[in-house]
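Following the working numbering, the numbering of the sequence shown begins with 33 at its first residue and continues without gaps.
Just below is one structure, and these are the notes that go with it.
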Amino acid sequence: MMQKEPNPERSLAEWVTFSIALFILAIIISLIGYIWLNEKNQPPILLVTKKPIIREVDGQFYVPFDIVNNGGKTAESVQIIAELQIANKVVETGEQQIDFLSDGEKEEGAFIFSQNPRQGQLIVRVASYKLP
């Protein structure tokens, strides 16, 4: 009859190593679960704001703006339009194209007008985008 050898007891080093490996595995699984649960699965939310400072250089008026993507997905070919209205008539328009705007990304730019935007109403808005 075969005699069963007793299982050797684990040493302290083996238990410490096993505990550390188990702890690291638990952290990785927890992070994956956290990312999966908190993933923003919403379309791009684009917010464009014009800055209050308008520069005048050689008869040209520079109107700076910021655009940020607060949504969860990336936007491509973002089109921004600016319309300058004086006496309720559109006298000048400008257009900008941002190639790529990922989640949380911010871009800056400027519109250039030949007429003073302070003399009318300036509307800056996002006209369109496409999903990659």
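The beta carbon of each residue, even a glycine, is placed where N, CA and C say it ideally should be.
Asked                                                                                                                : Found
Quick check on the burial criterion: 16 or more other C-beta atoms within 10 angstroms. Buried or exposed for Gln74? : exposed
What are the complete alpha helix (DSSP H) segments, minimum 4 residues, inside the stretch 46-97?                   : none
Starting from the Cα of Ser160, find the closest Cα among Asn101, Pro149 and Tyr66 and give me that residue.         : Asn101
Which residue wins for smallest C-alpha separation from Lys162, given the options Gly136, Glu139 and Phe132?         : Phe132
Could you tell me the alpha carbon to alpha carbon distance between Glu88 and Gln128, rounded to whole angstroms?    : 20 Å
How many angstroms separate the CA atom of Gln147 from the CA atom of Ile60?                                         : 58 Å
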